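Asks: Here's a structure for you.
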Amino acid sequence: MRIAIAGINHETNTYVRDETTLKDFYIQRGEQLFRLRSTQTQTGGAIDACERLGLIPVPVYLASTQPSGTIAADCYATMKAELLERLASEMPVDAVFLDLHGAGVVDQCPDLEADLVAQVRLLVGEAVPITAAFDLHGNITQRMADALDGVFACHEYPHIDMHERAGDAIELIKHMLEGNFRPTVQVETVPILMPTTTTFVGIGLALRQRMRELEANNADVIQVSFFHGFPYSDVPQVGCHVVVTSRSDAHQARLVAQSIGNELWQQRESFRALSLSAAEALDVAQAATAKPVVINETSDNCGGGSPGDGTHLLRAMLDADLKNACFGFIVDPEVAQQAHAVGVGSSIDISLGAKYDDMHGEPLLLSVYVKALHDGRCIMQAMAKGSRINYGKIARLQIGDMDIVVASHRSQTFDTEPFAAVGIDVKAKDYIALKSSNHFRAGFEEIAGTIVTADPPGLTTHHIEVFDREYATQPLWPVDPAAAYDEA
Ligand SMILES: [Zn+2]
């Protein structure tokens, strides 16, 4: 049995100024996808599951990049055409697995996934099973789900189970090929703009456990996917979504989805995020006795589309003259290049960060010592474990009792590798600052004595009320008091 594996995976922040173009995407074709084998990624999990279950993975095409602005129409058209062309050349296939995000937005096409899935369905025909794995930050429509036989969002945020959910998607394909049934996928949208919420503690953890109970207690239910949604997106389908894949009973699947929708709505106040300014966060950090304190600047998270060059938190740390502290990292290719040009052991004057816009602070004019340099090529050690990541040239700069790590490519900090690459042992630090909303937890939870979230101005702030909404089709909690959910 030959299972085609393909996808276009992008989380689109429609509030980012610049469009995302073809040069921004990392595209893997054919056997290049096998480089993801044994990595804890969606495609890696799908390849591994095929091989474990005696199916033949047929790698086709995968385009992905960091979260960023709306995808240019010609960029998407080019990628889609190549994906479909390569898929057509592999036909006939027995099934298709798609590696998707769920929050892809193209200029003039607000639902990338619905468009792509419909085209794939048209190509392979009604009889061929198609399942897909998603990021739980997708904004999902019934239109998209109708073209799929199974929807499998990761359950965890940090997304440490992407490979496992992709494995579930492949298992469903195997069962469909062996048995005689056609699953149904039901989408229930709840008008909640959910701030980024980890599943490791609190309401996120409780809800994750509740979803698993519902899966276990309903024999017909194959998978309950709870999409937190992606609030930094001005599209009609923005919101939270419960997506239930069942063996046969659409009515029952809808009832399960609605019952969870009710629970989400009733508990919506639990999603309200604490928002501390940089100075307030540092006050909390300095009062904490359990060291090291990890301070995450959630509002400048490249993983949600921010530039990563914001200086609000770093400036506050310098003003507070924090001792035994490190910051890693801030994205500034010019400064990284400047440090690489002069080399280790030199002192340089820099204008660091805040070059993208005015929202993320002002550049920091500093005299720093170049302590260490690195090429930025790392292997992910926590989330997406085993996959390669390239941060571009990295520099470790020192000022006072602080180490500042500067990288060249936009990314959030997932684990301790960007620090370790330049010789920083984070366990020995009292303060570890980084830019990420929740993915960092996979790499820092065991190290952190305390975690404090800072939310100065930024494109991924918890203050989602600052973003205009032109296309939302219904009032949304918490930004609109008229928000209501029809509690079935
Ligand atoms: Zn996500």
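Numbering-wise (the working numbering), the sequence shown opens with residue 695 and increments by one.
The C-beta atom is built at its ideal place from N, Cα and C for all residues, glycine as well.
Predicted, not measured: the structure shown is a model, and the values here were computed from it.
Report the residue from T878, A700, P889, D1069 whose alpha carbon sits nearest the alpha carbon of E963.
Replies: For the purposes of this step, residue 963 is taken as the residue at position 269 of the sequence shown. Per the Cα distances, P889.
Asks: Under 5 Å, CB to any heavy atom of ligand 1. Which residues pass, going along the chain?
Replies: With the cut-off at 5 Å, the residues found are D829, H831.
Asks: Quick one: complete alpha helix (DSSP H) runs, 4+ long, within the stretch 1114–1153?
Replies: Runs of the alpha helix (DSSP H) inside the stretch 1114–1153: 1135–1138.
Asks: Starting from V1099, trace the beta strand (DSSP E) both ways and give me its first and last residue.
Replies: In the sequence shown, counting from the first residue as 1, residue 1099 sits at position 405. 1096–1101 is the span of the beta strand (DSSP E), which, as asked, contains V1099.
Asks: Assuming Q1092 contacts K1065 under a Cβ cut-off of 8 Å, what Cβ separation, rounded to an integer in Å, is found between them?
Replies: Residue mapping note: residue 1092 aligns to position 398 of the sequence shown, counting from 1. Residue mapping note: residue 1065 aligns to position 371 of the sequence shown, counting from 1. So it is a contact: roughly 5 Å between Cβ atoms.
Asks: Can the beta-carbon of L727 be found closer than 7 Å to that of L756?
Replies: Position 33 of the sequence shown holds residue 727. Position 62 of the sequence shown holds residue 756. In this structure, L756 lies closer than 7 Å to L727 by Cβ.
Asks: Confirm, please, whether the CB-CB distance from F846 to R837 is below 7 Å.
Replies: For the purposes of this step, residue 837 is taken as the residue at position 143 of the sequence shown. For the purposes of this step, residue 846 is taken as the residue at position 152 of the sequence shown. It is not a contact, given that the beta carbons lie outside the stated cut-off.
Asks: Using a threshold of 7 Å, state whether the C-beta atoms of A766 and D801 are closer than that.
Replies: Taking the first residue of the sequence shown as position 1, residue 766 is located at position 72. Taking the first residue of the sequence shown as position 1, residue 801 is located at position 107. Going by C-beta atoms, A766 is nearer than 7 Å to D801.
Asks: Quick one: is G1070 buried, meaning 16 or more other Cβ sit within 10 Å of its Cβ, or exposed?
Replies: The residue labelled residue 1070 in the question sits at position 376 within the sequence shown. Buried: at least 16 other Cβ atoms inside 10 Å.
Asks: Tell me which residues share the same chain as I1083 and place their Cβ nearer than 6 Å to its Cβ, disregarding the 5 neighbours each side in the sequence.
Replies: The residue given as residue 1083 occupies position 389 in the sequence shown. Around I1083: C1072, M1074.
Asks: Ordered along the chain, which non-local residues of its own chain (more than five positions away) have a Cβ less than 6 Å from that of L899?
Replies: Translated into the one-based positions of the sequence shown, residue 899 becomes position 205. Taken in chain order, the residues that qualify are T893.
Asks: To which residues does DSSP link F965 through a beta bridge?
Replies: Counting from one through the sequence shown, the residue named residue 965 turns up at place 271. Paired residue(s): none; F965 is not in a bridge.
Asks: Measure the Cβ-Cβ separation of V811 and L781 and say whether it is below 7 Å.
Replies: Counting from 1 along the sequence shown, the entry for residue 811 is found at position 117. Counting from 1 along the sequence shown, the entry for residue 781 is found at position 87. In this structure, L781 does not lie closer than 7 Å to V811 by Cβ.
Asks: Taking its Cβ as the centre, do 16 or more other Cβ atoms sit within 10 Å of I750, making it buried, or is it exposed?
Replies: Position 56 of the sequence shown, counted from the start, is the residue given in the question as residue 750. With fewer than 16 other Cβ atoms within 10 Å, it is exposed.
Asks: Determine the direct distance from the alpha carbon of H1157 to that of K1087, and round the result to whole angstroms.
Replies: The residue labelled residue 1087 in the question sits at position 393 within the sequence shown. The residue labelled residue 1157 in the question sits at position 463 within the sequence shown. If I take the Cα positions, the gap works out to 32 Å.
Asks: Confirm, please, whether the CB-CB distance from A839 to K791 is below 7 Å.
Replies: The residue you call residue 791 lines up with position 97 of the sequence shown. The residue you call residue 839 lines up with position 145 of the sequence shown. Going by the sequence as given, residue 791 is Phe instead of Lys. No. Outside cutoff.
Asks: From H704 to K1121, what distance separates their C-alpha atoms?
Replies: Here residue 704 corresponds to residue number 10 of the sequence shown, with the count starting at 1. Here residue 1121 corresponds to residue number 427 of the sequence shown, with the count starting at 1. If you take the alpha carbons of H704 and K1121, they lie about 33 Å apart.
Asks: Once you ignore the five residues that flank Q760 on each side, which residues in its own chain have a CB closer than 7 Å to its CB?
Replies: Reading the sequence shown from its first residue, position 66 is the one you call residue 760. Result list for Q760: C996, R1104, S1105, in chain order.
Asks: Return the residue from the list Y1165, I954, G819 that minimises the CA-CA distance to V787.
Replies: Stepping through the sequence shown from its first residue, residue 787 is reached at position 93. It is G819 whose Cα lies nearest to the Cα of V787.
Asks: Report the start-end ranges of each alpha helix (DSSP H) in the stretch 894–924 that is 4 residues or longer and not cut off at the edges.
Replies: Complete alpha helix (DSSP H) runs here, min 4: 896–911.
Asks: What's the gap between the Cα of Y1085 and the Cα of T1110?
Replies: Here residue 1085 is taken as the residue at index 391 of the sequence shown, counted from 1. Here residue 1110 is taken as the residue at index 416 of the sequence shown, counted from 1. Roughly 13 Å separates the two Cα atoms.
Asks: Just to confirm, are Y926 and G1037 a CB contact at a threshold of 7 Å?
Replies: Within the sequence shown, the letter at position 232 stands for residue 926. Within the sequence shown, the letter at position 343 stands for residue 1037. Going by C-beta atoms, Y926 is not nearer than 7 Å to G1037.
Asks: Consider the C-beta atom of D712 and the heavy atoms of ligand 2; say whether any pair is separated by less than 6 Å.
Replies: Ligand 2 is absent from the structure shown, which contains only ligand 1.
Asks: Do you know whose CA, among V1100, A1078, L1007, lies nearest E1056's CA?
Replies: Translated into positions along the sequence shown, residue 1056 becomes position 362. Of the candidates V1100, A1078, L1007, the one whose C-alpha sits nearest the C-alpha of E1056 is L1007.
Asks: State yes or no: is the C-beta of Y720 within less than 7 Å of the C-beta of S762?
Replies: Counting from one through the sequence shown, the residue named residue 720 turns up at place 26. Counting from one through the sequence shown, the residue named residue 762 turns up at place 68. Going by C-beta atoms, Y720 is not nearer than 7 Å to S762.
Asks: Which residue or residues does DSSP assign as beta-bridge partners of L1091?
Replies: What you label residue 1091 is simply residue 397 of the sequence shown in a count that begins at 1. Per DSSP, V1064, I1098.
Asks: Would you decide whether S1130 is buried or exposed? Buried here means 16 or more other CB atoms lie within 10 Å of its CB.
Replies: On the sequence shown, residue 1130 is found 436 positions in, with the first residue counted as 1. With 16 or more Cβ atoms within 10 Å of its Cβ, S1130 is classed as buried.
Asks: Expressed to the nearest angstrom, what Euclidean distance is found between the alpha-carbon atoms of L806 and D742?
Replies: Position 112 of the sequence shown, counting from 1, holds the residue named residue 806. Position 48 of the sequence shown, counting from 1, holds the residue named residue 742. Distance between the alpha carbons of L806 and D742 is about 27 Å.
Asks: What span of residues does the alpha helix (DSSP H) with C848 cover, start to end?
Replies: The sequence position of residue 848 within the sequence shown is 154, counting from 1. Segment: none, C848 is in no alpha helix (DSSP H) and carries neither H nor E.
Asks: Cβ of I834 within 7 Å of Cβ of V881?
Replies: Here residue 834 is taken as the residue at index 140 of the sequence shown, counted from 1. Here residue 881 is taken as the residue at index 187 of the sequence shown, counted from 1. Yes.
Asks: Check G997 in the structure and name its three-state DSSP category.
Replies: Walking along the sequence shown from the start, residue 997 turns up at place 303. Correct three-state label for G997: helix.
Asks: Which residues bound the alpha helix (DSSP H) around N956?
Replies: Working through the sequence shown from its first residue, we reach residue 956 at position 262. Where N956 is concerned, the enclosing alpha helix (DSSP H) stretches over 944–960.
Asks: So what does DSSP say about Y770, is it helix, strand or coil?
Replies: The count along the sequence shown starts at 1 and reaches residue 770 at position 76. The answer is helix: DSSP assigns Y770 an H, G or I state.
Asks: Just mark A984 as buried or exposed, buried being the case when its beta carbon has 16 or more other beta carbons within 10 Å.
Replies: By one-based count along the sequence shown, residue 984 stands at place 290. A984 should be labelled exposed.
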